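>
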Amino acid sequence: MAKEVVATIKLQIPAGQANPAPPVGPALGQQGVNIMAFCKEFNATTQKQAGDILPVVITVYKDKTFSFITKSPPAGVLLKKIAKIATASKEPNKTKVAKLTKAQVMEVVKIKMKDLNANDEEAAFRIIAGTARQAGIEIIG
Amino acid sequence: MKPLLSSPKNRVLVWRKWVASEKMEAFGALAGEVAGKCPILTSAPFGKCGRVDIYPADKREALQIKKLLGGRILNLSPDVWWKPQVPRRHPFRIGKRLLVVQDAKQKENLAQREKGKSILIVPAGLAFGTGEHATTRLCLEAISSAPVFPFGAFLDAGTGSGILAMAAKLMGCSNIEAFDYDAKAVAVARENASINGVRVRFQKKDLSRITPGKFKADVVVANIIASVLEKEASRLLSFLNPGGHLVISGIRPCEVTAMKRAFSGASLISKKTSENWCCLVFGKRSIDSDILKSLGNKEME
Numbered sequence: 042m043a044k045e046v047v048a049t050i051k052l053q054i055p056a057g058q059a060n061p062a063p064p065v066g067p068a069l070g071q072q073g074v075n076i077m078a079f080c081k082e083f084n085a086t087t088q089k090q091a092g093d094i095l096p097v098v099i100t101v102y103k104d105k106t107f108s109f110i111t112k113s114p115p116a117g118v119l120l121k122k123i124a125k126i127a128t129a130s131k132e133p134n135k136t137k138v139a140k141l142t143k144a145q146v147m148e149v150v151k152i153k154m155k156d157l158n159a160n161d162e163e164a165a166f167r168i169i170a171g172t173a174r175q176a177g178i179e180i181i182g
Numbered sequence: 013m014k015p016l017l018s019s020p021k022n023r024v025l026v027w028r029k030w031v032a033s034e035k036m037e038a039f040g041a042l043a044g045e046v047a048g049k050c051p052i053l054t055s056a057p058f059g060k061c062g063r064v065d066i067y068p069a070d071k072r073e074a075l076q077i078k079k080l081l082g083g084r085i086l087n088l089s090p091d092v093w094w095k096p097q098v099p100r101r102h103p104f105r106i107g108k109r110l111l112v113v114q115d116a117k118q119k120e121n122l123a124q125r126e127k128g129k130s131i132l133i134v135p136a137g138l139a140f141g142t143g144e145h146a147t148t149r150l151c152l153e154a155i156s157s158a159p160v161f162p163f164g165a166f167l168d169a170g171t172g173s174g175i176l177a178m179a180a181k182l183m184g185c186s187n188i189e190a191f192d193y194d195a196k197a198v199a200v201a202r203e204n205a206s207i208n209g210v211r212v213r214f215q216k217k218d219l220s221r222i223t224p225g226k227f228k229a230d231v232v233v234a235n236i237i238a239s240v241l242e243k244e245a246s247r248l249l250s251f252l253n254p255g256g257h258l259v260i261s262g263i264r265p266c267e268v269t270a271m272k273r274a275f276s277g278a279s280l281i282s283k284k285t286s287e288n289w290c291c292l293v294f295g296k297r298s299i300d301s302d303i304l305k306s307l308g309n310k311e312m313e
């Protein structure tokens, strides 16, 4: 029989760098999850993606065991990385902070595709282009 | 908020708001943007509400978030976020010589029954290694059966709670070096050493920045992760005396081949697997065996 789920926790953790300090420790500790065991598992699983911030969904079961899945890094983070900017624009409608080509945005689309609710790459491109627009990144070409 | 010390004695400040489940994702994204921090979304299956938490750096930041988004500011005590951890009720037996317990009371109760055995106290702290995790257990088993004890020198790279170094000390090793790159882990290890009344030098050092060959030990243990072990393989081997043993863990079964390749300078002595984690023991050839081999070759000629 499947184990009874008591909670689902969603948060973002830098790949390979989970540690018991806030927010990871208190977020998991309140549910009775073994914090150090999670950190070890997460760091081992994500060691190859070091440097990326990964959204993670942790399922906590009644017997205090857990399982987790990691998703692709947030679109905003990927766009900023490609555009080589530290922060997005505070007034995206007035101040543009970077320019990206369609091909560069497609790189992000390819990484995000598995986590997006889109039928094809064209639809996924429009979702990512929306995020870029919100961040003050102009798409040229 | 003060930084977390060696054990979770400090309260943790959290901003919290309960929202309808269907709005949680959108509200979480907004809260994260306003606070400039990662929101934590917690929900129960089929629950009508979910909670959005943000851990601010200080009270001023928490009040700022509250002013913009409403919600509450809580001061979580360690009883709320640390104590619910599954308590360890039974001691761990490592080989025939060592027992690992959680507190002094457990040690007291066991001391009369288990005469002649070394008992190590390792409370659940903010550093890895209470003995429960398969990697720690496998490392403890490997070092307890290493033939160089009790006289050899011991090095623990990425010590965490200091459990492996303290176990080596209790097994009779006198020359012990242990380090970790995380200051919090070093503080936990020092606290654990004082609880156990053992003298081990724990230092804050980054493995990747230590000069190769700076330490020399008969047993080198590194319970880290595969990518770090692979990168620092030659450095770890440089710490090993001829005839010594290198114990590595934190490796998944699928990563064993890469580890064998990275540590090809030594020969694989044993491989143990537990709960989808592996522990490998490598041996560095002793000078004597090299000489004997070369002498044998000359005789053959």
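In order, the protein sequence lines correspond to chains C and D. Going from the first sequence to this note's numbering is simple: count from 1 and add 41. Going from the second sequence to this note's numbering is simple: count from 1 and add 12. Glycine included, every Cβ here is placed at the ideal spot set by N, Cα and C. Computed from a prediction, not measured in an experiment: that's the story for all the values here.
Cβ of methionine 154 of chain C less than 8 Å from any chain D Cβ?
What you label residue 154 of chain C is simply residue 113 of the first sequence in a count that begins at 1. False, the Cβ-Cβ gap to chain D never drops below 8 Å.
> Below 7 Å on C-beta distance, what does proline 16 of chain C contact in chain D?
For chain C, the structure presents residues 42 to 182; residue 16 of chain C sits outside this window and is missing.
> Tell me, please, whether the CB atom of valine 118 of chain C is closer than 8 Å to any CB atom in chain D?
Indexing the first sequence from 1 puts residue 118 of chain C at position 77. Valine 118 of chain C does not count as touching chain D.
> Find the nearest neighbour of lysine 29 of chain D within the set D/Lys296, D/Ala197, D/Thr54 and D/Asp218, judged by alpha-carbon distance.
Taking the first residue of the second sequence as 1, we reach residue 29 of chain D at position 17. Of D/Lys296, D/Ala197, D/Thr54 and D/Asp218, the residue nearest in Cα terms is D/Thr54.
> Please list the partners that threonine 49 of chain C has in chain D, where partner means a Cβ-to-Cβ separation under 9 Å.
Reading the first sequence from its first residue, position 8 is the one you call residue 49 of chain C. Within 9 Å Cβ-Cβ: Leu53, Thr54, Ser55, Ala56, Pro57 and Gly62.
> Is the beta carbon of asparagine 253 of chain D closer than 8 Å to that of lysine 228 of chain D?
Your numbering for residue 228 of chain D matches position 216 in the second sequence. Your numbering for residue 253 of chain D matches position 241 in the second sequence. Going by C-beta atoms, lysine 228 of chain D is nearer than 8 Å to asparagine 253 of chain D.
> Assuming isoleucine 123 of chain C is part of the alpha helix (DSSP H), what are its boundary residues?
Position 82 of the first sequence, counted from the first residue, corresponds to residue 123 of chain C. It spans 116-124 - the alpha helix (DSSP H) in which isoleucine 123 of chain C sits, taken as one unbroken run.
> In the DSSP assignment, the beta strand (DSSP E) including phenylalanine 107 of chain C goes from what residue to what residue?
Taking the first residue of the first sequence as 1, we reach residue 107 of chain C at position 66. First-last of the beta strand (DSSP E) with phenylalanine 107 of chain C: 107-111.
> How is serine 250 of chain D classed by DSSP in three states: helix, strand or coil?
Sequence index remark: in the second sequence, residue 250 of chain D carries index 238 (1-based). Helix at serine 250 of chain D.
> Does any residue of chain D have a CB that is nearer than 8 Å to the CB of lysine 112 of chain C?
Translated into the one-based positions of the first sequence, residue 112 of chain C becomes position 71. So, not an interface residue.
> Excluding the five sequence neighbours on either side, which residues of its own chain have a C-beta within less than 7 Å of the C-beta of isoleucine 168 of chain C, listed in chain order?
Counting from 1 along the first sequence, the entry for residue 168 of chain C is found at position 127. If you ignore the 5 residues before and after isoleucine 168 of chain C, its C-beta comes within less than 7 Å of the C-beta of Leu157 and Ala159, all in its own chain and listed in chain order.
> Can you pull the chain C neighbours of phenylalanine 140 of chain D, defined as C-beta to C-beta under 8 Å?
Residue 140 of chain D sits at position 128 when you count from the first residue of the second sequence. Result: Met77, Cys80 and Lys81.
> Compute the Euclidean distance between the alpha carbons of valine 47 of chain C and valine 138 of chain C, then round it to the nearest angstrom.
Residue 47 of chain C sits at position 6 when you count from the first residue of the first sequence. Residue 138 of chain C sits at position 97 when you count from the first residue of the first sequence. If I take the Cα positions, the gap works out to 43 Å.
> Is there a Cβ from chain D that is less than 8 Å from the Cβ of glutamine 53 of chain C?
Numbered from 1 along the first sequence, position 12 holds the residue referred to as residue 53 of chain C. Cβ-Cβ to chain D under 8 Å: yes for glutamine 53 of chain C.
> Can you grab the Cα-Cα spacing for the pair alanine 176 of chain C / proline 115 of chain C, in whole Å?
The residue labelled residue 176 of chain C in the question sits at position 135 within the first sequence. The residue labelled residue 115 of chain C in the question sits at position 74 within the first sequence. Straight across, the Cα-Cα distance linking alanine 176 of chain C with proline 115 of chain C is about 13 Å.
> What would DSSP say about lysine 284 of chain D, mapped onto helix, strand or coil?
The residue given as residue 284 of chain D occupies position 272 in the second sequence. Residue state, collapsed to three classes: strand.
> Between the alpha carbons of leucine 86 of chain D and valine 113 of chain D, how many angstroms are there, rounded?
As a first step, residue 86 of chain D is located in the second sequence; it is residue number 74 there, counting from the start. As a first step, residue 113 of chain D is located in the second sequence; it is residue number 101 there, counting from the start. So the two alpha carbons sit approximately 33 Å from each other.
> Is threonine 172 of chain C helix, strand or coil when you go by DSSP?
By 1-based counting over the first sequence, the position of residue 172 of chain C is 131. If DSSP states are grouped into helix, strand and coil, threonine 172 of chain C belongs with the helices.
> For a contact meaning CB atoms closer than 7 Å, what does tryptophan 94 of chain D contact in chain C?
Counting from one through the second sequence, the residue named residue 94 of chain D turns up at place 82. Per Cβ cutoff of 7 Å: Gly70.
> Mind checking who tryptophan 30 of chain D pairs with in its DSSP beta bridge?
Working through the second sequence from its first residue, we reach residue 30 of chain D at position 18. In the DSSP output, where bridge partners are listed per residue, tryptophan 30 of chain D has D/Arg63.
> In the DSSP assignment, find the unbroken alpha helix (DSSP H) run with phenylalanine 191 of chain D in it and report its ends.
Taking the first residue of the second sequence as position 1, residue 191 of chain D is located at position 179. Not the alpha helix (DSSP H): phenylalanine 191 of chain D falls in the beta strand (DSSP E), residues 188-192.
> Just curious, the beta strand (DSSP E) that aspartate 230 of chain D is in, first and last residue?
For the purposes of this step, residue 230 of chain D is taken as the residue at position 218 of the second sequence. Aspartate 230 of chain D -> beta strand (DSSP E) spans 229-235.
> Starting from glycine 295 of chain D, follow the beta strand (DSSP E) in both directions and report where the run begins and ends.
Position 283 of the second sequence, counted from the first residue, corresponds to residue 295 of chain D. Its beta strand (DSSP E) spans residues 289-295.
> Against chain D, which members of the region 155-179 of chain C pass a CB distance test of less than 8 Å?
none
> Looking at alanine 180 of chain D and the ligand SAM, is the gap between the Cβ and the nearest heavy atom below 7 Å?
Although the ligand SAM was asked about, the structure shown includes no ligands whatsoever.
> Going by Cα to Cα distance, which pick from D/Leu25, D/Phe166 and D/Gly172 is closest to isoleucine 236 of chain D?
The residue given as residue 236 of chain D occupies position 224 in the second sequence. Nearest of D/Leu25, D/Phe166 and D/Gly172 to isoleucine 236 of chain D, Cα basis: D/Gly172.
> What first and last residue would you give for the beta strand (DSSP E) that runs through threonine 100 of chain C?
Against the first sequence, residue 100 of chain C aligns to sequence position 59. Residues 94-102.
> With a threshold of 8 Å between beta-carbons, can glutamate 313 of chain D be considered close to chain C, or not?
Here residue 313 of chain D refers to the residue found at position 301 when the second sequence is read from its first residue. Interpretation of glutamate 313 of chain D is limited by its pLDDT of 43, a score under 50 that renders its predicted location unreliable; the figure taken from the coordinates is listed afterwards. No, glutamate 313 of chain D does not count as interfacial toward chain C.
> For serine 239 of chain D, would you say it is in contact with chain C, using Cβ-to-Cβ distances shorter than 8 Å as the test?
Against the second sequence, residue 239 of chain D aligns to sequence position 227. At least one chain C Cβ lies under 8 Å of serine 239 of chain D.
> Where tryptophan 27 of chain D and alanine 74 of chain D are concerned, what is the direct C-alpha to C-alpha distance, given to the nearest angstrom?
Taking the second sequence and counting its residues from 1, the one referred to as residue 27 of chain D is at position 15. Taking the second sequence and counting its residues from 1, the one referred to as residue 74 of chain D is at position 62. Straight-line Cα distance between these residues: approximately 6 Å.
> Whose Cβ in chain B lies nearer than 8 Å to the Cβ of glutamine 58 of chain C?
The structure shown has no chain B; the protein chains it does contain are C and D.
> Please classify aspartate 230 of chain D: is it buried, with 16 or more other beta-carbons within 10 angstroms of its beta-carbon, or exposed?
Translated into the one-based positions of the second sequence, residue 230 of chain D becomes position 218. Here aspartate 230 of chain D is buried, its C-beta having at least 16 other C-beta atoms within 10 Å.
> Compare the Cα-Cα distances from alanine 38 of chain D to each of D/Ala197, D/Arg63 and D/Cys266 and report the closest residue.
In the second sequence, residue 38 of chain D corresponds to position 26, counting from 1. Minimum Cα distance to alanine 38 of chain D is reached at D/Arg63.
> Between the Cα of lysine 291 of chain D and the Cα atoms of D/Ala278, D/Arg297 and D/Arg264, which residue gives the shortest distance?
On the second sequence, residue 291 of chain D is found 279 positions in, with the first residue counted as 1. Position check: residue 291 of chain D holds cysteine in this sequence, whereas lysine was assumed. If we check each option's Cα against that of cysteine 291 of chain D, D/Arg264 comes out closest.
> Indicate whether serine 157 of chain D and arginine 109 of chain D have their beta-carbon atoms separated by less than 8 Å.
Here residue 157 of chain D corresponds to residue number 145 of the second sequence, with the count starting at 1. Here residue 109 of chain D corresponds to residue number 97 of the second sequence, with the count starting at 1. For serine 157 of chain D and arginine 109 of chain D, no; Cβs fall outside 8 Å.
> Do we get a CB-CB distance below 8 Å when we pair proline 133 of chain C with the residues of chain D?
Here the question's residue 133 of chain C lines up with position 92 in the first sequence. Output row for proline 133 of chain C: interface = no.
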